[in-house]
Amino acid sequence: MHVGLVVPGSLDTVSGGYCYDRRLVSHLHEAGDRVTVVSLPTGGYRRRVVDSLRPRLRRALARPFDVLVEDELAHPSLVGVAPDVPRVALVHLLRGADPSDPHRRSARLLERRYLGHVDHVVATSDATRRAVTDLADRPTSVVPPAGDRFAPTSVDAAAIRRRAHEGPLRVATLGSVVPRKGLDTLVAALARLDTDWRLTAMGDTTGDPAFVRAVRQSAARRGVSDRVTLTGRVEDGTVAGHLRRAHVFALPSRYEPFGIAALEAMGFGLPALATTAGGPPEFVTDGADGFLVDPDDPESLAARLDTLATDRERLARMGVVARGTFETAPSWDDRMATFRTVLERVAAGDTPPRDRPAEEVSP
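Just so you know, the working numbering puts 294 at position 294 of the sequence shown, and the rest follows in order with no gaps.
Following this line, the structure appears as C-alpha cells:
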C-alpha cells in the first residue's frame, strides 16, 4: 500500500499522539508499505481553517495514495478539502471533548463537519469512540496505544516490593504542563498530606507559561516548592529512570483520551492514580492496580495518595498487580498490525458507504 499520513506540524513532536503516529509509520515501513508524511503548518486555529482553502494543500494531498490517514488534530486544515482517496481519521483527542480547550464550541462544529466527510475513523479508546459517534455517524474501529515503549523495564515483583518500603512517597507524572493534565490538582492534593513525599513532573513547560507559573505559585503558597520538581521535556532514558525510582504514577487529567503514560508507568510496577474522565478506566481497575479519581477533586486524590503513603504493603501489592496489567496488555506491534488491517480493508473499499448508517467495525 501507499499510505499518506497527514499530521499537524512535525512528526517528531513529543507527545503520546505523535508517538502513536511514529509507531504506525514504522510498522507500515516494516510491512513493506510506502508511507508519505504530509506535515501541515501549525498556528492559530482560524488561520489553519483558512489554510484548508488554499490550492497548495490540495496539491499536497493529490497523490496516488491507496489510503490517507489524517491525524484528527489537523482537522482545521482539512475541513475544506475533499481528496479523491479513501480517508481514515485517526482520533487521539477531540478538541470539542476537552473541557479545558477555550475553542471547544467552535472545534465541535468543525469536527462534526470534518468527520462527516471521512470514510472511516480509528479512535484510540472506547471513550474517544463514543465522543466521535456523538458528532458523526461513521464506521469506527478502536485501536488503543500500547505501553511497551520502555520494555523490558527490568522491574520484577521482588524489586517492586523492596522499593515500596523505601523513603518518602515518590510520585511521578508525565505530560505537558497544561491545564488539561491537572498538575495543579495534584499539587493541591499532595499538599494536604501529613506524610512526606516528593513529586517529579516530567513534561514540556513551554506550551502554557501562565499555567506553569500558576502551578509554581500554588506550590510556593502551600509551602511545598522544595518537594515539587518540574523537569521540563526530558529524554526517554531520563523518563525511564524516574519511573524506575517512583512509587506511584499520577494522571489526574481533566480529560484524558487514553492515558498512554499511565500504562507505560505500570510497566515499572507503579499503581496508577488516574482520572475517571476519558480512557484510563478502560485499563486501570480501581483499588487493584491503581485508583480512579474524578477530575478537580484534590480531596479524593489526597485520600488515595495517603493510603499508599501510609500502607506500604498495599502499595507493594498494587504495584505488583499493575505490573501484571502491563504484561498482559497488547504490544505496539500487535496494535499497529490491527491498524494496518483496518487500512487494508478501507483501501479495498470494505467499509459501509457514506449514505448508510454507521456501524462499528472491529478488525
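Note that beta-carbon positions come from the ideal geometry of N, C-alpha and C, so glycine has one too.
Which residue or residues does DSSP assign as beta-bridge partners of residue i?
i    : result
F249 : A172, A272
W197 : L169
R34  : H2
F291 : L273
L135 : DSSP output for L135 lists no bridge partner at all.
E256 : G278
Would residue i and residue j qualify as a contact pair, given that the criterion is a beta-carbon distance under 8 angstroms?
i    : j    : result
P330 : A146 : yes
L115 : A151 : no
H92  : T133 : no
D204 : G232 : yes
F326 : L251 : no
L28  : Y18  : no
R130 : R170 : no
S218 : A188 : yes
A322 : G279 : no
Using the beta-carbon count (16 or more within 10 Å), is residue i buried or exposed?
i    : result
R356 : At R356, the pLDDT of 36 sits below 50, so the modelled position is not reliable; the number obtained from the coordinates is stated separately. Exposed: under 16 other Cβ atoms inside 10 Å.
D334 : exposed
D289 : buried
E111 : buried
S77  : buried
A240 : buried
A82  : exposed
R105 : exposed
D101 : buried
P86  : buried
D71  : buried
D21  : buried
A348 : exposed
D156 : exposed
L176 : Here residue 176 turns out to be Ser, not Leu, going by the sequence shown. Counting Cβ neighbours within 10 Å, S176 comes out buried, since at least 16 surround it.
D119 : buried
S154 : exposed
D98  : buried
Quick one: what does DSSP say residue i is sitting in, helix, strand or coil?
i    : result
A159 : helix
A240 : helix
H27  : helix
D71  : strand
S362 : The predicted position of S362 is uncertain, since its pLDDT is 30 and thus under 50; a value taken from the coordinates is nonetheless stated next. Coil.
G223 : coil
P263 : According to the sequence displayed, residue 263 carries Leu and not Pro. Of the three classes helix, strand and coil, the one that applies to L263 here is helix, per DSSP.
P64  : coil
T231 : strand
R87  : strand
R354 : Confidence at R354 is low in this model, with a pLDDT of 40, below 50, so its placement is unreliable and the value that follows should be read with caution. Three-state result, R354: coil.
S10  : coil
A188 : helix
T140 : strand
Kindly say whether residue i, judged by its beta-carbon, lies nearer than 8 angstroms to any beta-carbon of chain B.
i    : result
S125 : In summary, chain B is missing from the structure at hand, where a single protein chain is found.
Would you say the segment 147 to 166 touches the segment 294 to 305, given that touching needs at least three Cβ pairs under 8 angstroms?
no
Indicate whether the contact test is met: 3 or more Cβ pairs, each with one atom in the segment 250 to 258 and one in the segment 166 to 183, closer than 8 angstroms.
yes
Three CB pairs or more closer than 8 angstroms across the segment 28 to 35 and the segment 2 to 15
Yes: at least three Cβ pairs fall under 8 angstroms.
Would you call the segment 210 to 221 and the segment 266 to 286 in contact, with 3 or more CB pairs under 8 angstroms?
no
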